[in-house]
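Protein chains in written order, with the numbering used here: chain Y, 1 to 290; chain Z, 291 to 447.
The beta-carbon is built from N, C-alpha and C at its ideal position, and this holds for glycine as well.
Just so it is clear, the structure is predicted and the values come from calculations on it, not from any experiment.
Everything on this sheet refers to the single structure shown next.
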């Protein structure tokens, strides 16, 4: 198949890109890495009249240090983040998840922000960014705004981006001291979309008890789902095998996945519990040795 | 044309040759290579970024040409299987019988060439991991691994 005809726009600045988005809004799609959009075009599941290719936009391709965190602009490739020594050190969760995203060819072109704006509920990055409490930086000709990850992802392939808005970058704050992270997913074949995944960020108090926790699952809802019941089980407790077991049961009980051709609802619910336990066990061992 | 509308002429260097074409914006790099430039070594498998048979190098990095618009390659260096005619991987694939039907082979070799240059071919598990974007329906994986291992270790010389 071939894509339907479209008009190809290649702005070279953010302002030009935003002007094009303001003019064409609903009729336009933004092209960054294209690793999700191009198949949709090839199979005519998406047929935009205008394609706004932001790859020539200056200043969006380098990760940079910002006050108290790191900023990943819209054109930073997934492979760049995966291999960045600074980001690997600051957020081990990112390479742990990115290594599970499709294959090297895809990650060479696919961008972090593109995956976030695409908002596939089975994708790794929206889940990880929700666990990291990342902030989306969104711009339009009307101005800029910041959106927390938890508000950004709304539904299947749906974010809080308006038709004229561009996700110009995502900012991740440094993790507090005594924080451990973990990621686990299950996919039938390596590189496939996961049936379910769990990302966890746990900060321990001086006595080893869990002081703060964010546990997020994908594949079980229309957007990344925080496992708040499991989080409550963990808060204030040392993550002993008994506590982790209780969190596993809570996680299993609080998700309400739908079954499909790939897996039944019960199996997905079971997976979320198992993956939560694996993530929490890794985190507990790391924290105990710290 | 308004601001930001690119002149649809694309200049790209393919295997060292400078090529200029004026193609419909929706033409992928894969279709441009095969249908316009006659470089049919690059294969169309799934057309959705799953199989890896259309793998080429753009500025030295392996990408899937089915998911890359030709217009996006303006000013870039593209290397296809035809540009790797003298690469030792080709002889190694024949020596190790690293294919049956051969349809995935151009993508396998281009991907392997990049893998070796990235310095990621030191261990078998790394080769498997970083070749994971190239599927082989004939299941020649052990032989593909053997061919890449031999070239990566320099044993082919």
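Taking the alpha helix (DSSP H) that residue i falls in, what are its first and last residues?
i	result
residue 152 of chain Y	149-152
residue 431 of chain Z	431-443
residue 78 of chain Y	78-83
residue 101 of chain Y	Premise fails: residue 101 of chain Y is in no alpha helix (DSSP H) and is neither H nor E.
residue 309 of chain Z	That residue, residue 309 of chain Z, is in no alpha helix (DSSP H); its beta strand (DSSP E) goes 307-312.
residue 115 of chain Y	112-118
residue 195 of chain Y	Unbroken run through residue 195 of chain Y: none, as it is neither H nor E.
residue 37 of chain Y	37-42
Pick helix, strand or coil for residue i, following the three-state DSSP scheme.
i	result
residue 27 of chain Y	helix
residue 237 of chain Y	coil
residue 358 of chain Z	coil
residue 184 of chain Y	strand
residue 129 of chain Y	helix
residue 178 of chain Y	coil
residue 261 of chain Y	coil
residue 71 of chain Y	strand
residue 124 of chain Y	helix
residue 57 of chain Y	coil
residue 139 of chain Y	strand
residue 367 of chain Z	strand
residue 291 of chain Z	Summary for residue 291 of chain Z: the model assigns pLDDT 45, below 50, so the residue's position carries little reliability; its value from the coordinates is reported in the next sentence. Coil, per DSSP.
residue 427 of chain Z	coil
residue 146 of chain Y	strand
residue 348 of chain Z	strand
residue 12 of chain Y	coil
residue 272 of chain Y	helix
Counting only C-beta atoms, is residue i closer than 8 Å to chain Z at any point?
i	result
residue 105 of chain Y	yes
residue 100 of chain Y	no
residue 38 of chain Y	yes
residue 270 of chain Y	no
residue 53 of chain Y	yes
residue 85 of chain Y	no
residue 3 of chain Y	yes
residue 214 of chain Y	no
residue 109 of chain Y	yes
residue 190 of chain Y	yes
residue 35 of chain Y	yes
residue 8 of chain Y	yes
residue 193 of chain Y	no
residue 43 of chain Y	yes
Rounded to the nearest angstrom, how far is the Cβ of residue i from that of residue j, given a contact under 8 Å?
i	j	result
residue 74 of chain Y	residue 169 of chain Y	6 Å
residue 282 of chain Y	residue 208 of chain Y	At roughly 16 Å, the Cβ-Cβ gap does not stay under 8 Å, so residue 282 of chain Y and residue 208 of chain Y are not in contact.
residue 344 of chain Z	residue 332 of chain Z	6 Å
residue 250 of chain Y	residue 284 of chain Y	Not really, about 16 Å apart at Cβ, beyond 8 Å.
residue 24 of chain Y	residue 50 of chain Y	4 Å
Considering residue i, what are the terminal residues of the beta strand (DSSP E) in which it resides?
i	result
residue 171 of chain Y	166-173
residue 66 of chain Y	64-66
residue 398 of chain Z	Element bounds for residue 398 of chain Z: not the beta strand (DSSP E) but the alpha helix (DSSP H), 395-407.
residue 418 of chain Z	No beta strand (DSSP E) holds residue 418 of chain Z; the alpha helix (DSSP H) holding it covers 414-420.
residue 329 of chain Z	Premise fails: residue 329 of chain Z is in no beta strand (DSSP E) and is neither H nor E.
residue 379 of chain Z	From DSSP, residue 379 of chain Z is part of no beta strand (DSSP E) but of the alpha helix (DSSP H) over 378-385.
residue 255 of chain Y	Per DSSP, residue 255 of chain Y belongs to no beta strand (DSSP E) and is neither H nor E.
residue 9 of chain Y	7-9
residue 304 of chain Z	299-304
Is there a C-beta anywhere in chain Y that falls below 8 Å from the one on residue i?
i	result
residue 460 of chain Z	Because residue 460 of chain Z is not part of the residues shown, which for chain Z are 291 to 447, the question remains open.
residue 324 of chain Z	no
residue 356 of chain Z	yes
residue 442 of chain Z	no
residue 422 of chain Z	yes
residue 338 of chain Z	yes
residue 319 of chain Z	no
residue 427 of chain Z	no
residue 367 of chain Z	no
residue 310 of chain Z	no
residue 398 of chain Z	no
residue 332 of chain Z	no
residue 414 of chain Z	no
residue 335 of chain Z	no
residue 411 of chain Z	no
residue 387 of chain Z	no
residue 328 of chain Z	no
residue 349 of chain Z	no
residue 342 of chain Z	yes
residue 303 of chain Z	no
residue 433 of chain Z	no
Measuring from the CB of residue i, is there a heavy atom of the ligand SAH at a distance below 7 Å?
i	result
residue 134 of chain Y	Annotation note on the ligand SAH: not contained in the displayed structure, which lists no ligands.
Beta strand (DSSP E) runs contained entirely in the region 197-245 of chain Y, provided each spans 3 or more residues: You should have 210-218.
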